[in-house]
Every structure is written in C-alpha cells, then in structure tokens.
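Taking it in order: structure first as structure tokens, then the write-up.
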Amino acid sequence: MTLEMSWGLLLPALLPVAAMLLVLVVDAVAPRARLAAPVIGALGLGGGAATALPGLVGTGPRLTLCTPAPEGRCLWDGGPLTSTLQVAALLATLAVLALVSIHRAGVIDVVLLLASASGAAAVVASRDLGTWLVTLELATLPVIALVAWRDRRAAAHGALTLLTTSLVSFGLLVLGAALWVTGTGDPTLTGDSLATAWEVPEQRVLVSLATVVLVAGLAFKMSAVPFHAWTPTTLAAGPLPVSALLASASKVAAVGALIVVLTPYESVLGLSPGPHAVVAALVTLTVASMLVGTVMALRQTEVVRLLAWSTVAQAGWVILPLTALTAAGRRAAAVYVVVYAVAGLVAFAAVRAVHGPHVEDRRDLTAYQGLLRRDPVAGGALALALLVLAGLPPGVIGLVAKIVAIRPVVSAGLWPVAVVAVVAAVLGIAVYVRWFAVLIGEPGEDAPARQRSRRASVGVALVGSAVLVLASVLPQLLVGLVS
Amino acid sequence: MIHLLGPYVVAALLVGLGVMGVLARRNAVLVLVGVELILSGSLVLLVAAGATAPSRWEASSVLPLFVITIAAAEVVVALAVILTAFRHRGSIDMDEAL
Amino acid sequence: MSALQVSYLLVLVPALAAVATLALRRWQGPATLVSVGAALVSLLLAVVGLVVAPVRGTDLVPLRGSYAVGGLDLPLQLGAGPATAAVAAVVALVAAAVLVFTRWYLAADDRLAVFAATVSLFTAAMMLVVHSRDLVLTVVGWEVMGWCSYLLIGHWSRKESARRAALKAFLVTRVADIGFVLGVVGLCAGAGSTGLDTVVAAWTSDEAPGSPALRSTLLVLVVIGVLGKSAQFPFQDWLPDAMEGPTPASALIHAATMVAAGTVVLAQLFEVLVLADGARWVLGLATAVTMVGAAVLALGQSDLKRLLAWSTVSQVAIMLSALATTTRDVGPDPALFHLWSHAIFKSLLFLTIGWLSVIAGSTLASALRGAGHGHPLARVAWLFGLLALAGAPFVVGGLSKEHVVVTAYEGAASAGGPGVVVLAALLVTVVLTAAYAVRAHLVVSAPVPNSPIPPLGPDTPGPNGGIGEKSTGHAGMPSAPVLASLAVLTVLTVVGGLVLLTGLFDVHGASVWWMVLTTLLIVIGGGLAWLARGSGDPRDQFVRTPRHRALADSGFGADTAYRALVARPVLGLARVVAFLDREVVDGYVRGAAASAGVAGWLAERGHRRESPSAGLGLLALGLLVAAGTAVLTWR
Amino acid sequence: MALILMLLVPGAVGLWLVTGGRGLDAHTARVVALVAATVGGLAAVVAAAMRPVVDRAWIPDLGVRWHFAIDGISAPLVVLTAVIGVLVVAHAWVEQPWTDTHLGLPRGSAATYLGALLLVETGALAAFAARDAVLFFIAFEVVLVPMWVLISRYGDPKSAAARADASARFILYTAVGSTLMLVGILLLVGQAGTADLDALPAAAGALGQGPQTLIAVLLTLGLAVKVPVFPLHTWLPAAHTTAPTAGSVLLAAVLLKLGTYGLVRLPLANVPDGFARIAPGLAIAGVVGILWGGLICLVERDLKRLIAFSSVAHMGFVVLGLASGSATGLQAALIGNIAHGVISALLFVIVGGLKHRWGSVDLAVVRPALREVSPRLGFALILGLAAGLGLPGLAGFWGEFLALVAAWEPAHHEGVLRTCAVIAAVGAALAAAYALRVARIVWVGDAVPDAATDDPVAGALDRIDTRTPDTRGVELAVLAVLVAAVVTIGVVPHTVLSVTAAAAEALVGGGR
C-alpha cells in the first residue's frame, strides 16, 4: 500500500512541529539565548500560517495522504475551509505568544504553544479517525500543561479541572471512535462509508450513537453546555494568555474537529430516516449553550468569568449552523468561529492591557468605568470587540457572522431553533452592552493604574481591531474565505 | 456462527464501570482510572469488531495502538498535573475548596 | 369671471386673509383692516357670483384635473349653483358684518388680530363646505370650522368658563364627527371616488355599491355628524355654553357657518338622503325633539344671549326638519332658504345684543332691562330680528318658515315618514318661538331705565388682559360702519324674502291657508307671552321658581348627563388602560427581564460548586440528555 | 454620486466625531456636524430627485450587494430624514445635553453626541435607500448603538436609573424585533434565492401559502416592534421620556418610520398573500393601539410620555392603512408616515424645549400659560396638537382619512377591517380629547400660575423658573421649518402623494 504525499499541504502542521524541535535543540545548545525560543516559535507559527494561505485562494482539490484508486481515501484535506481554520488557529496562537510577552515566554511556553498549534492545524485537516484522535489530543494536552505548569495554586486548580474534563472527553472520543469503526468498518470520516452503513438499521444505530458520543466528547473541548463546567473555573484561574488560547485557538481546533466529524452526514441528509439523533444532539447543545451561557454571563461582574461564559454562549452560536449538517452550515460555523476568535482575542488582549497578567488583580467590571476616555486605545479595541460579539454595527462583521450562522439553519427548515437564537442574540446584546455601557461612562476615581509592559497586548488588540474593522467594511474578505 | 457476545458484554461492562468510576470518585487518580476503564472498554469493542467483520486498513487493530500511545501521554500529563495540585493543596480531592 | 372662478376665489380670499392677518398680528389695526377688506372683497365676489350663477342643472367644466390615491378618485373640485351662490352671498355678508362689528367690539383686545384671522379662516372653511363638490373638501371645511369654533369660543382663554366651553364645543362636535367621517368614508369608498356627483350617482343608481341598509346606515352616520355640528339632540348642549365666546363669534357660528353647515351638506347629499328612510327618521325625530325642547329652554333662559343660542338650536332644527320631510320633487331648497333667512336675522340679533350688552354691561336679562332706550336703531334692529325669528308673515324668517311648514305638510301627506311628527313639532315650535320672541322684546324695551354704569354681571365676559366687552371709550355707541352693517342686515331682514323672485332658491309657493294658521299660532304664542309678562321682572315670566330656572339654564342638565354618560366612563376606562399598560402589557416585558434574571440566578445556583466533580455531574446530565434524545428521536 | 455623498458624509463625519474627533470643543463640533448634516441632506434631496443607483458586490457569498437606490416609496422618507437630520444638529445650539443642566457637570463630549446624531441619520438614510434585503437589515441595525448612546449617555440628567432602563429597553426590545426580522429575511431570501428587493417580489411570488405566512409573520412581528404596534410598544414611552430632545425627534420622526417602511418593503411587497392572511391581526393590533394610546393620553401626566403614546396611536392608523392591502391604504400609510414624522418632530421639539425650560413636563404642575407668556411657542404647540388630532389642512388628516377609506374598502377581510375603521374613527375623537386636554393645561390659562401648589418640589421649581422665555433664534427656525412642513403637507398633500403614487400602485399590483 502506498500513500500519495504532497508535503506542501502538510506544512501548516509540520512547520510548528519543526519549530518546536528547533527550539528544543537551540535550548539545548545555547540555553542563554532567551530570545531565540519566542522568535523561532513566532516564525514557525507565522510560517505555518503562510503555508496555509494558498489554500484560501486555491480552487482545485487539495487532498493528500491518499491511497490509490479505486478504493482511494485521503487522510488529509487542505481545502479552503481547512486552510481558513488553520490560519486562524496558528495566528491566534501567535497572538497568544505575543500576549505571553517576549520576556516571560520561556522555552516551555513556546514549545507547548507550538505543539498545541500544530495539533490544531492538523486536526482540522484530518479525515480519518487515527489522525483525528492523535492530533486532537496533541492540540489539547499541551494546553493542560500550559495552565498547570506555572507554579500557582489557582492555576493548579484550574488545570485539575481542565484535566479531568479532558480525560473524560478523551475517553468519550475513543469510545465514539470505536463505535464508529464498529458501525462502519471504516476509520475514515467520509460520506460514502457512512452512506453504506446507513442502509443497515443496526449499523445506523451504531453510527448515530458513535456520532453522538463523539459530539459529546468534542462538546467538552468547545465548552458547550452541559459539558462546559470547566470553562469559567479554568479561564478565570489560569493565566490570561492561556485563557485567551483556550477561547480562541483551542476553540477553532475543536470546531474544526467537529466539522470533520459532521462532514460525512451531508451524504445521508436526504435519506429516510435522516440523522435525527445527531441533529437533536446538536440542537440540544446549541440551544443549551446559547441560553445558559448568556444568562450566566449576564450575572458576572468579574470580566474574565464574563468572557468565559460568553465563550460558552458563543460555542452555542458556532454549533448553531452545524445543526443544518450542510456544507453551507460548516462554512458558516468556520466563519463564525474565526470572527469569534478574533473578537475574543481582542477582548482578552484588552483585559490583559488593563489588568496585567495576574489573577490576583481585581478584574471587576468597575475597573472599566470610563475606559474609553482614560485609555482610548485599549478601550476602543475592547468596545469594538464587544460590539462585534454582540453583533451590533459598527461591529458589522459580528452582525454578518450572525446572519451567516442563522442562514443555514433557516434554510434547513429549523427555524424554531433560529427563534431561540433570536432570544439568545438579544440576551447577548444585554451582556455586551452592559459592559459597553461601563466603558463609555464617566471615569471613576478608583480606576486601576495603567499597566506597564502592555505593549504586546495593546499591539495584539490593535491588530485584532484592524482585522475586525477591515472585515466590517468588507465582510467578503472573511466570508469568502471558506467558499 | 459464533456470536462474539462475550467481548461485547465485557466492553460494555468496562465502559459502564469506567463511567461510574468517573462520576462517583472525587479522587483525581481514581477518575484517571475510570477513564482508563472507558478506554479499555473501547479497545475491546474495537478489537471485537475487527474480529467480526474486516475493516478498512485493519483499523480495528491499528487504532488501539494509537489510542494506547495517546493514553500513555495523557497519563503522564495527568500525573504531572495531579502532582502539582497535590503539592499546592496537600490533597488530590477535586472538590476541596481552594 | 365664471361662477367656478368665483367659488375658488371665495374660498381663497378669506383663507389668504387669515394668513395675512395672522402674519400682521403685531399691528392690530392694519391686520384687522386686511381681514375686513378681504371680507368686503368676498362680499363683492359673492354678489358677482349671484349674477353669474349658472342656471340650475348646467354642468360646469372643472377647472383642474382630478387626482387619484390608489383606487380612490380624489377630484377635489369646487362647484357653483344658484342656491350655492345665494348661501355663499349670505355667508359673505354675515362674515363682513361680523368683522366690521368685531373691529369695534374688540377694539381694545390684545388678540383682536388673531380673532379676526380666525374669523376669516372660519369663513373660508364655510365657503369651502358651501362650494364643495367633493366630500373630502366638505370634511376639510367641516373640521376646520370645528377647530375655528374652538379658537373663537375659547378666545378669552384667561377665563376658565371660556376654556371649558371651547373644549366642550369641540369635543361634542368631534364625537359626532365620528359618524360624519365614517359616513363620508363609507360613501366615498363605495363609490370609489370622493367627488360628490360620482358619490350621489353611485349610491342612487340601481347597482348601488351597497345594500339599501348599508346606504341608510351610512346616511344615519352622516346625519349624526350633522346633529353634532348643528347642536341637535342629543348633542345640543355645547351651543349655549359656547356663548362664553365673544358675541361676534357667536354671531358667526350661529348665523351663517358652523351650525348651518349641516344643512348645506345634507342638501348636497339630498338625492341619497331621500332614499335613506332610516336617516330621514333619525333626522326627523331628532329635529322634532330639538326644536320643541330648545324653544322651551329658550323661554326659560335668564340670559338673553343664551336665549338666542337656544333659539338657534330650535331654528336649525327647523331647517333640518325640512330636509327630513321633503320629497324628491320639492328638493332641499326650502331648508336652504330657511338657512338663508336665519343667517340674516340671527346675525342681526346677535350683533344687536352685542351692542346692547356693551351698553348694559351684561347679557343677563336682568341687566338688559330697558337697554334699548336711547338707541332707536338697536331697538328697531332687535324688533325686526325678533319678528323674523318669530316668523311673522312676509319678513324673511316668516317666509322661509312657511315654506318649511308646507314642505313638512306635503311630506307628511304624500310620503308619510317623519313628516307627521315634524309637522306637529313645527306647529308647537311656532307658538313657543313667538312666545320667547315677545319675551325677548319685552326685556329690552321695558320701560325701566337701566343704571348708567351697571356693575359687571357674573356672566359678563371677563377681562382679557383688562379689556373685555366693558371697555372704556365706547360710550355704547358703535362706529359708523357697524351701524351701517346693522342697518343693512335690518333692511335685509325685512325685504330679504324678495330673493325668491330671483329664482335662486327652487321653492314652491307657500299656501295661504297655512300662512293664516301659523299667523294665528304666532299671535297665540305672542299673546300668551304678553299676558304673562306680569308686572315685575320680565325675566320671571315663565320660570318662577329658582329650581326651574336653574334647570332651564342648565339645559335640562344635559351637561351633567354628558359627564356621567361619556366623560366619566371614558376617563375611568383610560385609567384602567393606563394601569393595564403599566402592569400587564409592560409586565410581560419586565417579566421577560425578570425571568432572565431568575434563570441566571438558577443557573448560578446550579454552578455554585465550580469544582471538577460538579463538572462531571453535569457530564452525566449531558450524557443522559444526549442518550435520551438519541433514543427518543430514533425511529 | 449623490447617494454616496448622502451616506458617506454624515457617516464618515459621525464616525470621526465619536472616535478621533472626540476632543473637539463644542462649537467646532457643532459647526462640523451641521456642515456634514447639511451636505448629506442636500445630497439626499438631490438623490431623491435624481434617483441614482449604486450597485456593487459586497458579500457575494451571501448574495448581498451594496445596492442603493431611491424610489417613490423611499424618496419622501429620505427627504424627511435629511431635513430632520439637519434640524436635530441645529438643535444642538438650543439644547446641550453634553452639559448636565441639572448639576452643571459635563457628561460626555459634544462631539460624541453630534456624532451619534449623524450616525443615526446615516443608518436611517442607508436603510431607506437600501435595495437589498440583508443590507436593509444591516442598515436597520446601524441606528441601534448610536441611539442607545444618545439615550443612555445624554438622556434625562436627573435619573441614571431611568436612563439605563430606557436605553436597555430600547436596544433589547428593538433587537428582539430586528433579529426576528432577520430570521424572516433569511427565510425569504433563502426560499426566493435572491436578496435584491427589485427581484424579490417576483421570485417570492411563487412561494406557497405556508412559507409566505410564516415569513410574513416573522417579518411583521419583527418590524411591529419598531413601529411600534400594540402590544409591543412599551419601549417607546420610556425611550422618549428619557432621550434628549434631538433623540426624541430622531426616534419619532425617523426610527419609527423604519418600522413601517420595512413593513411596506418586506412583507407587503414580497409575500402579499401571507401578509394578507395576517392583515386582520395587524389591523386589530393597530386599532387597539389607536384606542390604547388615545386613552392613556387622557390620563398621562408626563407630557413627553403623552406625546409618545400619541405616537402609538398615530402609528396605529399607518398600520391600519397597510393592513388594508389596497393601494389607497398603502398611500395612506406612506403619507401618514411622513405626517407623523413632522408632527411628532414638531411636538417633541416644543415639549423638549419646555422640559428644558421648566425642568419637567409634569402636567399636574401649574405653570404659566404658553399663550400668554410665550405666544410663538404656544402657537407652534397648538398647531402641532391640531395636526396631531388630524385637523384637515394640516399634515395629519390625510393619512388618517385615507386609512379609514382604505380600511372601509380593503383588498381582503372586509368585515374585520370595516370594524377596525369604525373603531379607528372613535380613536380620532380620543385624539381630539387628549390634544385639547394638553392645550387646556399648557396652552391656555393665566400668565401667572397659582402660587399654591400641593407639591412642595414643584412649588420650588415654580419659584425658580416661573419665566418661560419664548422661542427664538435657532429653536424658532427649527420650529418654523417644521410648522411649514406640517402646513404644506396638509394643504398640498400631493407633494407627497404624487411621489409615492406610481411606486405604491406598482407595489400592490405587481406582487401577484
């Protein structure tokens, strides 16, 4: 058996790995070169993203790791959707690397970030269960370590929470994979193998069960309700940059993994019986996440907790278009998660710029009183991010993302779900406008002192804002990426 | 035709035990054990399925290898984290307040 | 100048004069001169209009094209005809007289110009109604008149009673206008056009756009509006209260505009009205009740101005009763003719009492006793006005009333309908009218000389910035133009009946027998009043106890009834609605907000133990839910 | 060109004012904003006359085009918005909400305030000119945040809680509506396969009854919040009471029109059969709104709230006209829209001015009568009230009368709509009652109020401010423009009707 291989398509995942190895080697050779690790890491991430760029504009199929015809199956798909998610994950990790800030980023940080990034870049491209499982865990495990290895009590607690959920999630994923193979006799996640299995009732049951279990396992990683409980604890307890990573790159990876799992279902959409169980599971997740996440976010006054709960809610929004199980729905989910990742990163960066890295700081909403006046740059970026998250112009891209997310659902005839989304959208506006109102208020007397060493976070916030503004003016730049 | 009922029952039992362990225990290490049980159940299922019907690329045999590898890595990280936590908290009971 | 051009000018000239007067209000003198000048020009135009009035039945070529709004034709045309020209002439005449009188009467008022402007606008609106060949224009004029009446009655807005009277006048008429507007809307919508001719043609044709019942209902609605504007039962009570306005305003409202407008409109819709028996019955019964009731009340008033007001109500009822009883052959012109004559003598009466009240300082009968002494013109004018009111033969009011009586008789004889009731009421009213006319005359010409400087009576219009009817410097003698206009009105009151010779009104000859009969009735009524005059205060001739007097002055307590039956329930309902809005409708909104809060609280409780194992508990829940949905949705 | 200027100038200047130009001093900011509003307004007038078209791809993947054009239905609204836009900016010389009149403290900057005004104007203009359903939705949403800022930041200085409540109500309530509308739009666009408003009616005409009804329900429900239709109106009084005068004017004259305009553009034009099916419900809601608003106005104490409730009543007539489904009804709704825009703008300028002068507009407090102490303001008030009660010769009459005619002879559901017409006529009488109630309390009376008031606070206020300076300067000019508009539309309704006629006919006739 031979595998057709084109290295170019694998580079987005391989470059970070290479960079990681290089960092380790350099560290072994020249342990004094403190700057080397972050620079090499940045280059690896940037390079990975750059190699994924052709996929954004490419038109032809970008498959590789294929077995020969006629039974040909490809294990790697570098199409536009994949490339978009890869770029997003890699650049988000790069931003987090910047947030960790040049001086603090040690070798371990960089290595773990790179490992996670390469896992994220790979999982979205994988098309078989083996690669998928390995790379997904590659994306996850380093993050646990990232949360834990900073020697802090709160962080350890957060890491423990994340760890146990990740373990269970992994168990579920493996169980799901086993069920899938049992049901289809095929480790690839393709439409025709699913369609074949779908014809036999027993296999149909098994496959559906497999998918539901897989979705549940992924829901942990996406922090969708009811698998979300780790999110506020971990995000609030861990270092801010890692929280930002969990909210951006990890989420992109998880969404990519979910998209990979759900892709085959397009082939059985029109059949009778259809994949009701999967749709039901997804609808349950999206509805519960959107509602619980926003409602909880409404009651938070600690900003990172607020962002954590908003992450939960946004997870619901990402899953929303996937309930349609169509290609349009998958593209919509990708667009939405990218928009969310950028806006979330900007928000975290702004929070980092206001508070500094320490958990012990009072990260209360009141600290943002009149931020727009006191600190127009961070305040402006945060305001824009909040409006994008709320989906209100001038954050047009947020609104477009909501349109994009609701459209496939409506087309699929699931408009009651869309009506729930309306409620969630309105509650979401309440969440973000509440913060926004604090931002534009009069500055209070007890505003926290302006942080030093905030250049990196301000830089990330500004770059992210620029992306958001550009995307707001020309949404096609983002929306068009995945088509 | 021989029914492979036995392995399937074992797999189900293992998964069930694992889920129970995960849910019932507060000790992080025991949770870890529970997850391992789920994994074992899954592996039994995979292998049994491979024995029933051929699968593409012998996935039923290959996937368990992958899983075992990942699980090993996972256990390493898990133990490290649990150790860190123990150092900070003096216990590995997950519900102990901060 | 064609008749149509005249009709457009008759509307435009007063309207523009109103705008100009308002613009110039800082300079009261020139401003009022503008409106008076415009009124005189209108009068001239109206005379021209009389000359060029087209022969009955000629079709006029419209001056403008028609508009359309969706499926609705909106011609917005004016028209002209002989009766129209005559009514327009009398409107112009009264308006001019009123404006001339106003310049003298309100000379020292700080809002004289605004008043004059309003009068001009009022005139324009009435001209619009008179000339309208389009029901929308009729509604426009109709409503604008209502608004102007609000402004005029409430002119002395520093006085609470005037404010209330204005409010009441507008609200009562507006409530009745619900019917009017709906009726017009129904007629127009059915015909697909607002053009009067189209509407009449559509609703009188065999393929009418609605059933006869619908037609009748719509006409009843229109009649309700007319009853409101014309102060007929059950809407009668606003008009006497409207006496709170300055006397010129009363003259205008009563004589030629507002209250008479209903007659004009129903005359325009006459062809449809005769087919609508229901509407005729409603109109006939309401007017019959009104004419008698109002005459009785007039008899009991302690205030002569209010007496005149009730007499207006009664007389307008007579006009409208002609429309209720007339047959298709006779047509609406008897009513219009009575409008014509009523306009002349009622404006004369009101202007005269305005003058007398300046002399006496009040319009109370007690104050006006003998006020006519020393002012022969006033006495003559008052006498002839009352003669016409009473319907003495050959003066203008007598002639027109004869025609109404004959019309009612013919209607009763030929078609039945409400004719019999109306005829009976008419005859009773003749007696009563004669009686209160004699009483009014007796008061003014009583031999008791009035005191030179009478005190301010309670009903005297209060000072408006220190200036009111009782301004100094008049010495009770009006200016020459005022006297001239009074003289003209007096002369017309006597000889106005000659208009029948011109053929402008298409009325049949009156019957001698009826004339003899009504004359007899007048003599009886007048004689009774004369006999009952007693020796004391003529005010107390008929109403001897204070309780009865109060009852009469309150118009049989209609105001109380309005409050109890309409105002209070509506306000109560409003309070209920406001409560519902606050507590129920908004309650849902607050409830949504609160439930979001409660949901958050519950969710927070659910997440209180933010610990890893709690997370696993949620996992179990999630698995259960997922498995449950998987099982349930499986088929 | 004119279209681009109309959108770009106020939009760009507004954005600059709220971001980069925040530090500008009040005077410069006002001049800049006025110039921007005037240029944008002139461009809008030119655009309304010349009818240019801008059509470029924007988000091809969603089928959303950057497609702006003005037709007969939107032209009057565009002109209205342009005029109101200039007026509200000019009003910044009269009332300066960025200085806290109550405590003398500055709050926010003048530039942000003016920028928000301009952004609201831009959003409204864009929505009226949008020829793409999704673009319309986005433009519809643009107005939310600036308006929210106006209410929450520059609203009634006395009560922060009231500001927070009103602004939250405004944004959340309208967000519910607009998101529901979005679902409807996406359903419509998905089923019809195009988002182009020119092509949609034909494309959507083929839809079956079920989808049509569902789409119509979603769209109508969503837009009804904005109109607002009873019982979805409870955000309006709070928003109006709290907003600064200019905000109230924009809200009443422009934002509410977005709702009715949307009803015309989306459900009525595209899913006529579905809309006809729900028309009776809409008509009943409209009529109940007429009565409801009118009755509350009879007992409401706060004059600004009262005017707000009267808006609910007036929009009831507009909705009734729309629900009739005939060309006459559509025309009635369109002219009623414009009329309500100018009338409510006029009333809010006056009442806002009174609140500015008096500190509150509680009708229970005895104050000097306007007719005596400030006749010009009094004249404007009484004219506005007269127009509000539907007096012929002023703007309000035509919309109401034609709506009644249309409801009497509707395209469908004759029984229900005729009943509605009857009830609406009763509502017109209520309008007279509450208008005159206001006139009796505020306009007429004595020059000096009775010294003895029960309320000690009010008494104190009276002592502080028994003077009511008459209107002059910029305020007078603003009022004069609005009065002129009210009279012009009333006397010559064809200025509006002739513009909308062809488009209305095409819309009602062409959908089938």
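Residue numbers (the numbering used here), protein chains in the order written: chain P, 6 to 488; chain L, 7 to 104; chain G, 5 to 639; chain V, 235 to 746.
Where a beta carbon is used, it is the ideal one built from N, C-alpha and C, also for glycine.
Answer yes or no: does any C-beta atom of chain P fall closer than 9 Å to that of residue i?
i	result
residue 466 (chain G)	Unreliable positioning characterises residue 466 (chain G) in this predicted model, as indicated by a pLDDT of 40, which lies under 50. A coordinate reading is not provided.
residue 78 (chain L)	no
residue 603 (chain G)	yes
residue 417 (chain V)	yes
List the residues of chain P that residue i touches, going by C-beta distances under 8 Å, in chain order.
i	result
residue 420 (chain V)	408, 411, 412, 415, 416, 423
residue 608 (chain G)	301, 304
Which value, in whole angstroms, describes the spacing of the CA atoms of residue i and residue j?
i	j	result
residue 228 (chain G)	residue 183 (chain G)	6 Å
residue 8 (chain P)	residue 27 (chain L)	42 Å
residue 593 (chain G)	residue 558 (chain V)	29 Å
residue 299 (chain G)	residue 511 (chain V)	55 Å
residue 297 (chain P)	residue 91 (chain L)	30 Å
residue 291 (chain G)	residue 317 (chain G)	9 Å
residue 242 (chain G)	residue 249 (chain G)	12 Å
At a Cβ threshold of 9 Å, is residue i touching chain V?
i	result
residue 481 (chain P)	yes
residue 196 (chain G)	yes
residue 431 (chain P)	yes
residue 182 (chain G)	yes
Along chain L, in chain order, which residues have C-beta atoms closer than 8 Å to that of residue i?
i	result
residue 353 (chain P)	Within chain L, no residue comes near residue 353 (chain P); the closest Cβ sits about 23 Å away, beyond 8 Å.
residue 191 (chain P)	61, 62, 65
Comparing C-alpha positions only, which one of the options sits nearest to residue i?
i	options	result
residue 307 (chain V)	V:533, V:492, V:509	V:492
residue 574 (chain G)	V:709, V:679, V:660	V:660
residue 316 (chain P)	P:257, P:205, P:193	P:257
residue 33 (chain L)	P:169, P:136, P:40, P:207	P:169
Can you confirm whether residue i, when its beta carbon is compared against all beta carbons of chain L, has any partner nearer than 9 Å?
i	result
residue 377 (chain P)	no
residue 154 (chain P)	yes
With a cut-off of 9 Å, does the C-beta of residue i fall near any C-beta of chain G?
i	result
residue 295 (chain P)	no
residue 465 (chain V)	yes
Listing by chain order, which chain G residues have their CB less than 7 Å from the CB of residue i?
i	result
residue 728 (chain V)	71
List, in chain order, every chain P residue whose beta-carbon is nearer than 9 Å to that of residue i.
i	result
residue 150 (chain G)	Within chain P, no residue comes near residue 150 (chain G); the closest Cβ sits about 46 Å away, beyond 9 Å.
Given that residue i touches chain G, what residues does it touch there, using C-beta distances under 9 Å?
i	result
residue 78 (chain P)	In chain order: nothing, as chain G lies at least about 28 Å away.
Chain P partners of residue i, CB-CB under 7 Å?
i	result
residue 352 (chain V)	In chain order: nothing, as chain P lies at least about 13 Å away.
residue 24 (chain L)	176
Applying a beta-carbon distance threshold of less than 7 Å, which residues of chain V neighbour residue i?
i	result
residue 398 (chain P)	372, 375, 376, 379
residue 97 (chain G)	None at all; the shortest Cβ gap to chain V is about 25 Å.
* Minimum length 3: unbroken beta strand (DSSP E) runs contained in the stretch 71-107 of chain G -> 71-73, 76-78
* Could I get the ranges of all uninterrupted alpha helix (DSSP H) runs contained in the stretch 264-302 of chain G, with 4 residues as the minimum, in chain order? => 274-277
* Would you list, in sequence order, the uninterrupted alpha helix (DSSP H) runs of no fewer than 4 residues that lie entirely inside the stretch 513-571 of chain V? => 537-558
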